[in-house]
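These notes are about the structure you will find just below.
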Amino acid sequence: MAGRADFQAAVDQFSDWRWRLNNLYWITDKAGRRVRFEMNMMQMSLFDEMHYLNVLLKARQLGLTTFIQIFMLDACVFNRDIRAGTIAHTLGDVQTIFRDKIKYPYDNLPEGIRNAVPVVRTNQSELLLANNSSIRVGTSLRSGTLQYLHISEYGKLCAKYPDKAREVRTGALNTVQAGQLVFVESTAEGQEGHFYALCEDAQVKQRQALELTELDFKFHFFPWWKEPHYSIAPEGVIISDAFVKYFRQLAEQGITLTAGQKAWYVKKVEIQLGDMKREYPSTPAEAFEASVEGAYYADQMAIADAEERIGVFPHVEGYPVHTISDIGMDDTNSVWLFQVLPGPVRMIGYFEHTGTGMDGVLDELERRAGEHGYVYGVHNMPHDIRVREWTRGGMTRIEIMLKEVKARGLGTVRKVERAYVHDRINGTRRILAKVEFDQAGCGEGNRVYRSLTRFRLRRRPVLIHQGWRRV
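In structure tokens:
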């Protein structure tokens, strides 16, 4: 009986994914020593809280890449016909990840497991097992269907190799079907690119407490202060007034640090300098601000989330629909549609046209009027609309616009007076405090205003308060 009980206990253990991860695998630690892999607090958090699609914003050296590789390797060892893959942004990283985080853990499995699931084929980037499961690492994984996909340092890939990032987005991410597992992880690399967009979108869903589908990314944040080893003896470390203020601001956000953690942070800044917030962020917001200081309206949009002013706010009949536009010739034409209600200003739509000029914008406005029953009021146009358009008899753009709008029965046109950029930004911040956004109609526009920086300001419309002050 004892033998049967022992056998059943062994079966139960090997059926427990958590037990397997914490007991079967060996790695080399930061000091180069062979140690048994046991999940740390961050790794355990990801294991317990993972969704189908996961986007991970993280500090350096938390062991998340190691965990994901062992997690996928374990799936391959204990299941038939699994395909798992990792994308790294350089060939050197491909070889290092495979050698240290896949091949080494497999080679150090108990002999009985290796005999039961032996290697059929291996090279410097792929391991194929006798159960027809395989795990591979590459700079691109476009071919084949994957059940597990890990994209390592995707923020760096988006920032340094945008063409490769696009290939990953259109290729590798499409190899994973709904219900399979994806891990997109990185430190922050600026406020542009697909990784930044994934983090922003996932945080919005998190703040709004939306129920995630199998095709929604879940946001995970792993800050430096959750790593117990990021602490030193505080004696002799001088905390300047600037750091005292910074740590006080963190405390106001519920982040309480020990003296040892504060000392570690201060000394680490001496090495990292301006990259500290990117490499070792304390909050998601500051992770991206090191590369480009401040998205102009991120705070205002976050407040709108918290106050539940982004959601279902559809068109209200009986009130005219106004627009504010940035009309270009060769660049993107961007248009917001809004209504001025008794209390708030309601943004009900946003669209962009490229290469279509004014005619394309008017066609889209006319289409929306027919589809939704909009009655247009005032179309607020940028100050440079008075520039002459020589292709139409020397008429200015506003003259052409007035003529076209009147002919189509789409309301009237007004030119917004030119304002300094600083005034436009501050005016927009003030008006955002009382704006409702219909998420269905304004999703892309909301993304613009969550990430608008000084580098993108010339290419996007700004919600200038004059745009509805007198409508």
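Note that the sequence shown covers residues 11 to 481 in our numbering. Where is the CB? At the ideal position from N, CA and C, for every residue including glycine. None of these values were measured; they are calculated from a predicted model.
- Contact annotation, N390 with E362: C-beta distance approximately 17 Å; criterion of less than 8 Å not satisfied.
- For I358, the uninterrupted beta strand (DSSP E) segment begins and ends at 355 to 364.
- Contact annotation: the segment 78 to 98 does not touch the segment 205 to 217, with fewer than three C-beta pairs closer than 8 Å.
- Closest in alpha carbon position to E446, among Q259, N33, I358, Q213, is I358.
- The residue among E121, R124, E136 with its C-alpha nearest the C-alpha of K111 is E136.
- Where S55 is concerned, the enclosing alpha helix (DSSP H) starts and stops at 51 to 59.
- Secondary structure note for W235: it is in no beta strand (DSSP E), with a DSSP letter that is neither H nor E.
- Just measuring C-alpha positions, the residue of L83, I92, D103, A140 sitting nearest N118 is L83.
- Going by C-alpha positions, G328 is about 24 Å away from V371.
- Around the Cβ of Q259, a 10 Å sphere holds fewer than 16 other Cβ atoms; the residue is exposed.
- Secondary-structure assignment with DSSP links R434 through no beta bridge to anything.
- Look at T38 here: in three-state DSSP terms it is strand.
- I123: member of the alpha helix (DSSP H) spanning 121 to 126, first to last residue.
- Judged by beta-carbon spacing, K170 lies beyond the 9 Å limit of E202, meaning their Cβ atoms are not closer than that value.
- H239 counts as exposed, since fewer than 16 other C-beta atoms from the protein chains shown sit within 10 angstroms of its C-beta.
- Assignment of H99 by DSSP, reduced to helix, strand and coil, places it in the coil class.
- Here N32 has E48, M49 as same chain residues with Cβ atoms under 7 Å from its own Cβ, once five neighbours each way along the sequence are excluded.
- Its chain contains V247, I249, F253 as the residues whose beta carbon lies nearer than 7 Å to that of V276, once the 5 sequence neighbours on both sides are disregarded; these appear in chain order.
- DSSP places D448 in the uninterrupted beta strand (DSSP E) bounded by 445 to 448.
- In the structure shown, F323 adopts coil according to DSSP, grouped into three states.
- When DSSP states are grouped into helix, strand and coil, E414 belongs to the helix group.
- With fewer than 16 neighbouring CB atoms inside 10 Å of its own CB, V326 falls in the exposed class.
- The straight-line gap separating the alpha-carbon atoms of E245 and T155 is approximately 55 Å.
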